[in-house]
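Presented below is the structure to which this report refers.
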Amino acid sequence: MPDTQKQPFDFMGLRKIASVFSIFLIVASIALLGVRGLNYGMDFTGGTSVELEYAEAPALDEIRAALTDAGYEQFVVQNFGSDTTILIRMAEAENDQLAREISDLLTSASGADLELVGSEFVGSQVGEELKEDSGLGLLIALAVVLIYVGMRFQFKFGIASVIPLAHDVIIVLGVFALFQWTFDLTVLAALLAVIGYSLNDTIVVADRIRENFRKMRVGEPWDIINESIHQTIMRTLNTSGTTLVVLLALYFFGGEAINNFAIALIIGVVVGTYSSIYVSANMLMVMGVTREDLMVPAKEGSSDESEEEQPPEWLNRM
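Shown next, in the form of structure tokens:
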């Protein structure tokens, strides 16, 4: 592999603009979370779910209109497994008659042939426990990533990997707070998936940066990081592009039940691609990563030249 050379696009030349952009997004997201907050779904706030089986696929808009006309305010109507099975999630507390009242209401409103399959209730206390456990789970995930990357690469790389993950999660939460989209367990699962996806991208870039710091004999950290991003950018864009195609298909054709899950992942993949290029590399520049940080220590009694880690044979052919 040749030493650093002039590249057609200077990624690191835009690092200050990217830093200002990222700081703005983070501050705006935190402000939105503080002012508007998340619109928690009934997984977290508690409520009742009623499952109905229709003889023929009903119109979901008509069911929503019937519930609204009857005075119900906070509810979600969606298909559940098939076009004829409907799941209605309501903020009302469970009582012996609620599920039957909903069934009778929809029968009289549409005259459709339907059957009450069952109902379940999630209490507010359980919802509060889910909030606490979900927040703790995200923090533990970030801590484990910090430990892993710090051991796998170097502590500076651990910090430069965890901060982009926190950056991505906060921005996704900020968008949900801005538009007041429902935050439920499916969105929480999407956030954990975003952490995994963004970490994968970040580690690919970090691994190439480490290899180039050890192999390139000339060039400032700026040049080496820029070269590393150029070597991985097509892989990053191809992976993100194919992932987005699948997620867009899920969003448009997957049904209302997974819409929020899909849109959280779409935002996360876009932001994660950006952060793996700019936020992670920026953090390495800020912390002053050098070639000495990544060199393998020579064994006692051996010369530096003989013990310096050599790159894999396949890299020499690139």
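Letter by letter, the sequence shown follows residues 1 to 318 of UniProt numbering.
C-beta atoms are modelled at their ideal positions from N, C-alpha and C, and glycine is treated no differently.
Given the structure is predicted, the values throughout are model-derived calculations rather than measurements.
For Phe121, the enclosing beta strand (DSSP E) covers residues Leu114 to Val122. Straight-line spacing of the CA atoms in Phe121 and Asp184 works out to 15 Å.
If you ignore the 5 residues before and after Ser240, its C-beta comes within less than 6 Å of the C-beta of Val269 and Thr273, all in its own chain and listed in chain order.
Counting C-beta atoms within 10 angstroms of its own C-beta, Asp83 has fewer than 16 neighbours from the protein chains shown and is therefore classed as exposed. Contact check for Phe153 against Ala206 passes: the beta carbons are separated by less than 7 Å. For Ala177, the closest C-alpha among the options Asp104, Gly37, Glu51 and Leu52 is that of Gly37. Collapsing the DSSP output to three states places Phe153 in coil.
The three-state secondary structure of Tyr54, taken from DSSP, is strand. C-alpha of Leu98 to C-alpha of Asp43: approximately 18 Å in a straight line. Relative to the Cα of Arg210, the nearest Cα in the group Val246, Ile266, Leu25 and Thr290 belongs to Thr290.
Collapsing the DSSP output to three states places Thr85 in a strand. The criterion of a C-beta distance shorter than 7 Å is not satisfied by Arg89 and Ser119. Going by beta carbons, Ile170 and Ser275 fall outside the 7 Å limit. Annotated three-state conformation of Met90 is strand, per DSSP. The distance from the Cβ of Val149 to that of Gly158 is about 4 Å, consistent with a contact at the 8 Å cut-off. In this structure, the beta-carbon distance from Asn39 to Gln180 falls below 7 Å. In the structure shown, the three-state DSSP call for Phe75 is strand.
Annotation: the stretch 237 to 301 contains the following complete segments of the alpha helix (DSSP H) (minimum length 4 residues), in chain order: 259 to 277, 279 to 286 and 291 to 294.
In this structure the stretch 234 to 250 does not lie against the stretch 215 to 226, because fewer than three pairs of beta carbons, one per stretch, are closer than 8 Å.
Judged by their CB atoms, Val145 and Leu199 are nearer to each other than the 7 Å cut-off.
For Glu62, the enclosing alpha helix (DSSP H) has its first and last residue at Leu60 to Asp69. Counting along the chain, the unbroken alpha helix (DSSP H) around Glu101 starts and ends at Leu98 to Ser110. Phe9 carries a coil assignment under DSSP once its states are collapsed to helix, strand and coil. Per the Cβ contact rule, the stretch 66 to 73 is in contact with the stretch 105 to 114 (3 or more Cβ pairs under 8 Å). Here Ser134 has Leu188 as same chain residues with Cβ atoms under 6 Å from its own Cβ, once five neighbours each way along the sequence are excluded. Non-local C-beta neighbours of Glu115 in its own chain, meaning closer than 6 Å and more than five positions away in sequence, comprise Glu53, ordered along the chain. The residues Gly255, in chain order, have a CB closer than 6 Å to that of Asn79 in the same chain once the five nearest residues on each side in sequence are set aside. Residue environment for Met151: exposed (fewer than 16 other C-beta atoms within 10 angstroms of its C-beta). In chain order, Asn226 and Ile229 place their CB closer than 6 Å to the CB of Phe11, counting only its own chain and leaving out the 5 sequence neighbours on each side.
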